[in-house]
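The structure appears below as C-alpha cells.
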Amino acid sequence: MASRGLLRALAAPLMWGPAACRPPPARPMATLNQLHRMGRIKFPKPKPGPLGGSPQLKGVVLKTMTRKPKKPNSANRKCARVRLSNGREVICYIPGEGHNLQEHHQVLVEGGKTQDLPGVKLKIVRGKYDCAHVQKVKK
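FYI, in the working numbering the residues of the sequence shown are 365 to 503.
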C-alpha cells in the first residue's frame, strides 16, 4: 500500500507536465479574515518621469553649469538647466567633449540618467536644434 502512494507521488509530475513542478506563488492568497482586517494590497501606479511619458521633449536652456560626480569619480560634468515644453525645469547632462550651449538655446532632451551625477536623469541630444555635434579631434 505504501509503495503505491510512493509511485503515485513520483508519477504525478510526469502526468501533469512542467506546470506541476512550479514552486508555490510568492504571495499566497489571503483569507477572508485577512482581507477584512487589512484590505487588499495596493500596488503603487508607475509615475511618468519628467518627460511625462514622451521619448523626447524640446526645451530652452536657462543656464549651463558644471557638477561634481559621486565619490569614486572626480571630474566636472557639463550640465544645463532646461525648461521643457511641458513647463518643467530639469537639469540635463551634456554628453561628449565640449559644447556650444548658451542661455536661450533650444535643445532636444531625452531620458537616460548619468550614473555618477545624482538627480540628473536626462540627456541633451547632440546635433539637434542649437546643440552642435561633437567635434572630431584634429591631429
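Idealized CB from N, CA, C, for every residue including glycine.
| For the segment 413–427 against the segment 468–482, are there 3 or more C-beta pairs whose distance is under 8 Å? | yes
| query | Measuring CA to CA, which of M402, G416, S449, T430 is closest to P482? | reply | If we check each option's Cα against that of P482, T430 comes out closest.
| query | If we count Cβ pairs, one from each stretch, closer than 8 Å, do we get three or more for the segment 482–491 versus the segment 444–463? | reply | Between the segment 482–491 and the segment 444–463 there are three or more inter-stretch CB-CB distances shorter than 8 Å, so the stretches are counted as touching.
| field | Minimum C-alpha distance to E453 - residue among V424, K409, P412, I405 | value | V424
| Looking only at C-alpha atoms, which of V484, V501, K500, Q499 sits nearest to P414? | V484
| said: In whole angstroms, give me the CA-to-CA distance for D526 and Y457. | reply: Look at the range of the chain in this structure, 365 to 503, and you will see that residue 526 is not part of it.
| field | Spatially closest choice to P412 from N450, P392, D494, by CA coordinates | value | N450
| message | Using CA atoms only, rank isn't needed, just tell me which of P459, P408, A496, N437 is closest to L486. | response | P459
| Using the beta-carbon count (16 or more within 10 Å), is I405 buried or exposed? | exposed
| request: Out of L426, K502, Q499, H497, point me to the one whose CA is closest to A444's CA. | output: By alpha-carbon distance to A444, the top candidate from L426, K502, Q499, H497 is L426.
| query | Secondary structure at R452, three-state DSSP: helix, strand or coil? | reply | coil
| How many angstroms separate the CA atom of H497 from the CA atom of H469? | 14 Å
| Which stretch, first to last residue, makes up the beta strand (DSSP E) that contains L486? | 486–488
| field | Straight-line Cα distance separating G416 from K409 | value | 14 Å
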